[in-house]
Amino acid sequence: MTFTQLLAAVQQSPEAVTVPTTWAQGRAVFGGLMAAMVYERMRLQLVDERPVRSLAITFVAPAAADVPISFEVEVLREGKAVSTLLGRAVQQGQVVTIVQGSFGAGRSSLIDVPAQPPVEMKALAEAAPELPYIKGVTPEFMRNVALRWTLGGLPFSGNTSRQMGGWVRLRDVPEEAATEAHLLALVDAWPPSLLPHLKQPAAGSTLTWTIEFIQPRSQLSTHDWCRYCVDTEYAKDGYGHASAALWTADGELLALSRQTVTVFA
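Here's what the structure looks like:
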């Protein structure tokens, strides 16, 4: 199933969605997809089209591929401008992913602070080398996402740069307007920022993830390349703390992200 088909499955049958192994990340389903599916279920519970401002995501346990997952949403508060929702993905009676979302309509304001300029990329997307999907080497979900490195090193390369990033887009999706669900997949497609520091393979994963979306959202197609950069701010005792941003190819800010990651090395 494609990304688009999985989002449609959440819309149509949220009580039982089975994710195929082509979206696996080790023993779990790709976290960006899990967050996107929970978000999609949350979005459908809104009484109007107020945009999402932020999501706080916790990966409670690995969600297994090929096992049905149910998606549940609780509306905590529906205010005049802001709605607060809590979404859960449940598998075999256990919560595997929790998402708290804040959706807020815009309002008139005297404050207008532009975004910081985007990180410069040394090469255009078309000129940067693409990380290929290699069965048994890269995660299975990488067959669905294209990454082109321009900053920092590849996982397990021994590169100790604090920055990592480049260009990203989904593969094999119909061309349509990109939504926040697509942005969730694009941001989380990148490996934990600690992995390039290692010289041999080791497991690593996201523990908690907070992402904020810039509204109104820039017009973006699912076929467009986006720029991504993550900065590792601190790491010790098997945990790392990193901040990241996603921009359009033209440098318009799309999302700001923070993650606490774990690494078993």
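Per full-length UniProt numbering: the sequence shown ends with 265, consecutive numbering throughout. All residues carry an ideal CB built from backbone N, CA and C; glycine is no exception.
With contacts defined as CB atoms closer than 8 Å, leucine 6 and valine 17 qualify as a contacting pair. By alpha-carbon distance to alanine 65, the top candidate from Met1, Gly104, Leu195, Pro155 is Met1.
Out of Leu55, Leu86, Asp172, Phe141, the CA that lies nearest to the CA of isoleucine 211 is found in Leu55. Here tyrosine 228 carries a strand assignment [DSSP, helix/strand/coil].
Between glutamine 200 and phenylalanine 264 the beta-carbon gap is near 12 Å, outside 8 Å, which marks them as no contact. Alanine 35 is classed as buried because its beta carbon has at least 16 other beta carbons within 10 Å across all chains shown. Annotation: the continuous beta strand (DSSP E) that includes methionine 164 extends over 163-170. Around the CB of isoleucine 57, 16 or more other CB atoms lie within 10 Å, so the residue is classed as buried. Taking the Cβ atoms as the reference, valine 261 lies roughly 6 Å from leucine 194, within the contact range of under 8 Å. When the Cα atoms are used, serine 161 and arginine 148 turn out to be separated by approximately 17 Å. As DSSP reads the structure, glycine 32 sits in no beta bridge.
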